[in-house]
Structure formats: C-alpha cells, structure tokens
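Numbering (the working numbering), first residue to last: 2 to 509.
The beta carbon of each residue, even a glycine, is placed where N, CA and C say it ideally should be.
Because the structure is a prediction, the values reported are computed rather than measured.
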Amino acid sequence: MTTSGENRAARTDGGSTVRQSGIEAGKSYEAERFPVPAISLTIRSEREDPVTVRLADRVPEDVSMDDVGFHPEYGSEFWSVDGHTLVFERELEPEEEIETVYGLRGPEADEPERFLGEPTIEALTGDDNGNDDEGGGGGGVLDDVNEPLVRSATFEDDSDEDATTEAEVGTDDPGAMVAGAAAPTDGSTENEADGDRGTATQEGIMNEEGRPDIERIEEENAATNAETGPVPDEEAPNPPAESVGSASSDGDASDSDVDGGAAEDVDTENGLAAALARELRAGRIDSEDRETLREVLGPRDSVTVRIDRLGSRVEELAAYADALESFIDENGSARKLVRRQSERIDVLDEDMEGLTEDAASNRADVETIEGEVETIEEDVEAFQDAIAGLDEDVEQIDGYFESVEGNFEEVEERFENLESRLDSIDDRLDAIEATQESDREELREDLESQVDERIADTERSVESVAADIEALESWRAQLSAVVGGAGETEGTGEANDDGGTGTETDSE
Numbered sequence: 002m003t004t005s006g007e008n009r010a011a012r013t014d015g016g017s018t019v020r021q022s023g024i025e026a027g028k029s030y031e032a033e034r035f036p037v038p039a040i041s042l043t044i045r046s047e048r049e050d051p052v053t054v055r056l057a058d059r060v061p062e063d064v065s066m067d068d069v070g071f072h073p074e075y076g077s078e079f080w081s082v083d084g085h086t087l088v089f090e091r092e093l094e095p096e097e098e099i100e101t102v103y104g105l106r107g108p109e110a111d112e113p114e115r116f117l118g119e120p121t122i123e124a125l126t127g128d129d130n131g132n133d134d135e136g137g138g139g140g141g142v143l144d145d146v147n148e149p150l151v152r153s154a155t156f157e158d159d160s161d162e163d164a165t166t167e168a169e170v171g172t173d174d175p176g177a178m179v180a181g182a183a184a185p186t187d188g189s190t191e192n193e194a195d196g197d198r199g200t201a202t203q204e205g206i207m208n209e210e211g212r213p214d215i216e217r218i219e220e221e222n223a224a225t226n227a228e229t230g231p232v233p234d235e236e237a238p239n240p241p242a243e244s245v246g247s248a249s250s251d252g253d254a255s256d257s258d259v260d261g262g263a264a265e266d267v268d269t270e271n272g273l274a275a276a277l278a279r280e281l282r283a284g285r286i287d288s289e290d291r292e293t294l295r296e297v298l299g300p301r302d303s304v305t306v307r308i309d310r311l312g313s314r315v316e317e318l319a320a321y322a323d324a325l326e327s328f329i330d331e332n333g334s335a336r337k338l339v340r341r342q343s344e345r346i347d348v349l350d351e352d353m354e355g356l357t358e359d360a361a362s363n364r365a366d367v368e369t370i371e372g373e374v375e376t377i378e379e380d381v382e383a384f385q386d387a388i389a390g391l392d393e394d395v396e397q398i399d400g401y402f403e404s405v406e407g408n409f410e411e412v413e414e415r416f417e418n419l420e421s422r423l424d425s426i427d428d429r430l431d432a433i434e435a436t437q438e439s440d441r442e443e444l445r446e447d448l449e450s451q452v453d454e455r456i457a458d459t460e461r462s463v464e465s466v467a468a469d470i471e472a473l474e475s476w477r478a479q480l481s482a483v484v485g486g487a488g489e490t491e492g493t494g495e496a497n498d499d500g501g502t503g504t505e506t507d508s509e
C-alpha cells in the first residue's frame, strides 16, 4: 500500500475532494438527481497503470444502516460495510473515471452536512489486494448483517428477492423457521455457483406441499455433524440452538463432498437436531424453550426490513397505478399516445423541411446582401475621401472670408474719415462766413463749386463703397451655396477686391 499523504480541497457546493497517490475522489450531495437524496462519489485515476482503489466513507452513528442503500447501476456490487463504515473497492484503468452513489432515507437524509465528511482513499498494490477475493472491491459480497443496506427499496428491483422473502416469512411454524434459516438469504451475487447451491438447498428442504421437510433437515444436520465433528462445550453454551443453527450457515455443509447417500447412512437417532425435531413434533418443549428457539431460528432483522420495504413498495406501486390510470384517462392508451406523437413528429418533420428551405433561401439572400454591403462600404470610403477634400476647401474659404472681412473694416474706416473731412469743411465754411462777410458770395461760389466737386467725388466714393458692399453681400450668398464652385467664387472675390481698391484709390 502506498504511503503518500492526502491532499484535501473544499468545494463550493459543500462537498469535498480528496487526492492521494494519483487518485482523486470527489464527494457531493445530490438532492434532486435521484428519487431519494444520495451521496455521489466521483473517483478518477490519474495514474498511468491500473490500480485498485479502496474508498472508505463514514456514516454517522445515529443513522440506521437500513436507511442506506446502493444503486445497482452505479457499482453496488463493489460496496461492502464494516459497522458504520462504507467501503468501495474496485480496479481502475489508467485515466479512468467512475461515479458511484449510495442513497439515504429517513429524517437524517435532509441534513446533507452530516454526510459530507471527507472520505479516505487508498491505492492498493498486489500484496495489499491479494487475499481480498471476497472483499468489497471487485464485486465481493457483503456480510449478512449488511444485507438490508444492499437491498434498498429506493434503488433496486427486488422482485426475485421478494419471492424469496415470502417463502421465508410465510409461516410461524418452528420447522419453517428452521427452513428459513437454512436457506441463504444474504441477497448477495457472489457468483452463479453459490446462487445455484443456495437454491438447491432451499428446494431440498421443502416437501411437495411447500412445507419444510423435517426429515430432510434432520438428515442434513446429521451429515453436518458427521463432517465437522462435535462442537466443544465452551464454544456451544446452547447446544440445541447451535446445532440447529448450523443448518442456517451460508452453505458450507451443503457444499461439502459428502453426497446424499452417505448422509442417509448416518445414524440420525443420536443427532441433536433430530432429537429437537422429535421434541417439537411431540409438543414436549415448554413455551419458554420454544420462544428461545423462535428467537434463535426465527427470521433475521433483514427479513423484517424486507417486509417493511415490501409494504412501502406496495404503497408506491399503488400510487403509481393510480397516477398511471389518471394519465391513461387523460392521454389515452400508449398506442394512441404514440400515434399522436408520431403525427406530431411528422408535422415537425414537415416544418423542419420548410425551415431548411427557408434557411437556404435566407443564406442566398445573405450572400447577396453581403455583396451589396461591400459595395456600400466602398462608396462610403469614396464619400469620406470627398468630404476630406471639402473640408480643405472650406478651410480655404474661411481664410478668404476672413480676408474680405478685413477689407470691409478698412472701407468702413475710410468712410468714417470722409465724414470727418466733411465736418472739417463745414467748420471752415462757418469760419469763412464769420470772418469774411464781404467775400462770402465769391467764396460761396468757389466753395459751392469745390463742394460740388467734392460731393461728386464723395458720392462716387460712396457709390464705389456701396458697390463693394453689394459685391460682398453677393459673395456671401454664393459662399453659403458653394460646393464645387470655389474657384469661380475666389476669382469673383479677387476681382471685387481689386475693383474696391481701385475705387478707393480714385476716391482718395
């Protein structure tokens, strides 16, 4: 057995993960996945060679082992029980991963934290696993005391076992209890040979009427005593019970090489079982001894558990039958239901064919649209280039507009200068009128002529400025509507600037 340490890791779902020697075991609580709450164990081998894994999980002491069961589809044959410890043993191939579960019943099943303790795992070598031919791993059987654990009413189909149970508990007769004790009831599936021997033993002790064959039991007990020898007193404090109990062993005596003919040659008159049988038939055993024999040879606890389980299964079957009747009343028989479903499937097939055709058509449309989108993208790129060129033109026009605004301000300044000059002339005229009264008429004529000339010049300047202003207004209107005629507008603006400058020069 390997001795490397374990690595444990907590999980977010409340479970745990244990790693050791290249083996990883994850444990979790499954409340909805199975008909009853269950503990799921996922075991994975990370080794490069086959290995036998032994996993041990502890069940709380106050939990009845009758409330724990294994699922036949999740490796129930690899489980064994030791007290309140569940042991799973199986060989894993390299990189193999398996899942096994055990179910829970009773009020404790709704308390997952009680069952989520960390399991222990061991990787067994050949020496560790050599003598475990009938252990829990690899399909070994469980002890008789753990039989209810394997036969869970929740997980397994116990139809064959139910028939065996009816044979075991069909009567309270002491002889029947002896017969029931002699039959193998451990419910295990160790191998076919053992099952055949158990069946033969059970059939051999029943007569044609289905009642226990007391004489046959006596002969088998005598053969057992002759084979094994007398039991020492210190090992058999209750000789009658022990002698009869030997007939209820797991088939050791019935598997011996002594044939039926040799058993008939044995003198059964001195056998303890024969004497006990005679006393029972004669009714010479008091009630206390009979009660003691009933307790010793009566049905085991597993039989009682089976009876309880059968009752619960009958109730579940009745509930299922009621639900099935309601379902049939509502939906009809299985044939009608299948026919309706077939019709629905045919309709769905037709719809699927139509959807397939639509999908093909849509695919062609999508391809066409993709081509158009590519063309549009190319056009968008061309438009973006054109817009970039227009942005440059607009920047140039903005520069021209700023230049025109500067010229307009200069014209306004010149107009103001003219007005100030006119004011000065008026002042001079007033002075002349005040100082030279005599020369007023002459000067008036001269001044009027000069003033007329200057007024004419001023009017010409004003007309020139007005023309410049009109040209600027026209240029502004053209500027707002320009897209591709920037060159013509620019030529007009330059012409206007030249014309305005010439006019102003003439005015000066």
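query = Nearest-angstrom Cα distance between R345 and L356?
reply = Those two C-alpha atoms are separated by around 16 Å.
key: Sequence-distant residues of the same chain with beta carbon closer than 6 Å to T121, five excluded per side   = For T121, where only same-chain residues beyond five positions count, the Cβ hits under 6 Å are A57.
inquiry  = What does the alpha-carbon distance come out to for the pair V37 and G312?
reply    = Using only the alpha carbons, I get a separation of about 17 Å.
ask   = Can you round the beta-carbon distance between I24 and I40 to whole angstroms, since I take them to be within the 8 Å contact cut?
value = Contact between I24 and I40 is absent: CB atoms are separated by about 18 Å, not below the 8 Å threshold.
request  = State the Cα-Cα distance for the pair Q451 and L480, rounded to the nearest angstrom.
outcome  = For the pair Q451 and L480, the Cα-to-Cα distance works out to about 42 Å.
query = Do you know how far the Cα of Y321 is from the Cα of A154?
reply = With a pLDDT of only 35 at A154, under 50, the local geometry of the prediction cannot be trusted, and the value read off the model is given with reservation. Whole-angstrom Cα-Cα distance: 15 Å.
message = For the segment 400-408 against the segment 416-432, do three or more pairs of beta-carbon atoms, one drawn from each stretch, fall closer than 8 Å, so that the two count as touching?
response = Contact between the segment 400-408 and the segment 416-432 is absent, because fewer than three Cβ pairs lie under 8 Å.
request  = Tell me, to the nearest whole angstrom, how far the beta carbon of L87 is from that of Y103; I am working on the premise that it is less than 8 Å.
outcome  = Confirmed, Cβ separation roughly 6 Å.
query = Exposed or buried, G284, counting other C-beta atoms within 10 Å across all chains shown (16 or more means buried)?
reply = Around the CB of G284, fewer than 16 other CB atoms lie within 10 Å, so the residue is classed as exposed.
message = Since S17 and E114 should fall inside the 8 Å C-beta cutoff, what is the C-beta to C-beta distance between them, to a whole number of angstroms?
response = For a cut-off of 8 Å, the C-beta gap from S17 to E114 is around 11 Å, too long to register as a contact.
ask   = So, helix, strand or coil for L143, using DSSP?
value = Bear in mind that a pLDDT of 34 at L143, under 50, signals an unreliable position, so the model cannot answer this.
Enclosing beta strand (DSSP E) for Y75 [first to last residue] = In the DSSP assignment, Y75 falls outside any beta strand (DSSP E), carrying neither H nor E.
key: Three-pair Cβ contact test at 8 Å for the segment 91-111 versus the segment 48-57   = Because the criterion of three Cβ pairs below 8 Å is met, the segment 91-111 and the segment 48-57 touch.
key: Nearest-angstrom Cα separation, counted from F79 out to M66   = Cα to Cα, M66 sits roughly 17 Å from F79.
key: Opening and closing residue of the beta strand (DSSP E) in which E33 lies   = No beta strand (DSSP E) holds E33; DSSP gives it neither H nor E.
request  = Compare the Cα-Cα distances from D68 to each of R106, R461, K28 and report the closest residue.
outcome  = Cα-wise, what sits closest to D68 is R106.
Of the residues E446, I377, S462, the one placed nearest N418, counting alpha carbons only = Minimum Cα distance to N418 is reached at S462.
request  = Please name the residue, chosen from R477, T101, V483, that lies closest to D394 on a Cα-to-Cα basis.
outcome  = The candidate whose alpha carbon is nearest that of D394 is V483.
task = Could you work out which residue in E74, Q21, G27, V60 is closest to F35 when comparing CA atoms only?
result = It is E74.
ask   = Excluding five sequence neighbours on each side, which residues of the same chain lie with their C-beta closer than 8 Å to the C-beta of E31?
value = Here the set comprises P38, A39, I40, S41, V102.
T514 versus R59: straight-line alpha-carbon distance, rounded = Since the first residue shown for the chain is 2 and the last is 509, residue 514 is missing from the structure and cannot be characterised.
ask   = In three-state DSSP terms, what is I24?
value = I24 falls in the strand class under three-state DSSP.
query = Helix, strand or coil: which one does DSSP assign to L117?
reply = Looking at L117 - three-state DSSP - the assignment turns out to be coil, as it is neither helix nor strand.
task = Determine the direct distance from the alpha carbon of A26 to that of V19, and round the result to whole angstroms.
result = In this structure, the CA atom of V19 is about 5 Å from the CA atom of A26.
First through last residue of the alpha helix (DSSP H) which encompasses R54 = Sequence inspection shows Val at residue 54; the Arg mentioned does not correspond to that position. From DSSP, V54 is part of no alpha helix (DSSP H) but of the beta strand (DSSP E) over 52-59.
request  = Quick one: which unbroken alpha helix (DSSP H) runs of 4-plus residues sit fully inside the segment 358-419? Chain order, please.
outcome  = The segment 358-419 contains no whole alpha helix (DSSP H) run of 4 or more residues.
inquiry  = Quick check on DSSP: helix, strand or coil for S81?
reply    = Correct three-state label for S81: strand.
ask   = If you run the structure through DSSP and keep just helix, strand and coil, what is V102?
value = Correct three-state label for V102: strand.
ask   = Which of the three DSSP states, helix, strand or coil, is assigned to S17?
value = In the three-state scheme derived from DSSP, where H, G and I count as helix and E and B as strand, S17 is classed as strand.
ask   = Since P64 and E33 are thought to touch, with beta carbons under 8 Å apart, how far apart are those beta carbons, to the nearest angstrom?
value = Before going further, note that residue 64 is Val rather than Pro in the sequence given. Contact doesn't hold; Cβ gap of about 21 Å is too wide.
query = Counting only beta-carbon atoms, is E378 nearer than 8 Å to chain D?
reply = Going by chain labels, chain D is absent from the structure shown, which holds only one protein chain.
inquiry  = At the level of alpha carbons, what is the spacing between A467 and F416?
reply    = So the alpha carbons of these two residues sit roughly 11 Å apart.
ask   = Measuring CA to CA, which of F409, I286, D352 is closest to S465?
value = With distances taken between Cα atoms, S465 lies closest to F409.
query = Which residue or residues does DSSP assign as beta-bridge partners of R282?
reply = Its beta-bridge partners do not exist; DSSP assigns none.
request  = Give me the Cα-Cα distance between G1 and S334, rounded to the nearest whole angstrom.
outcome  = With the chain represented from 2 up to 509, any question about residue 1 goes unanswered, as that position is not in the structure.
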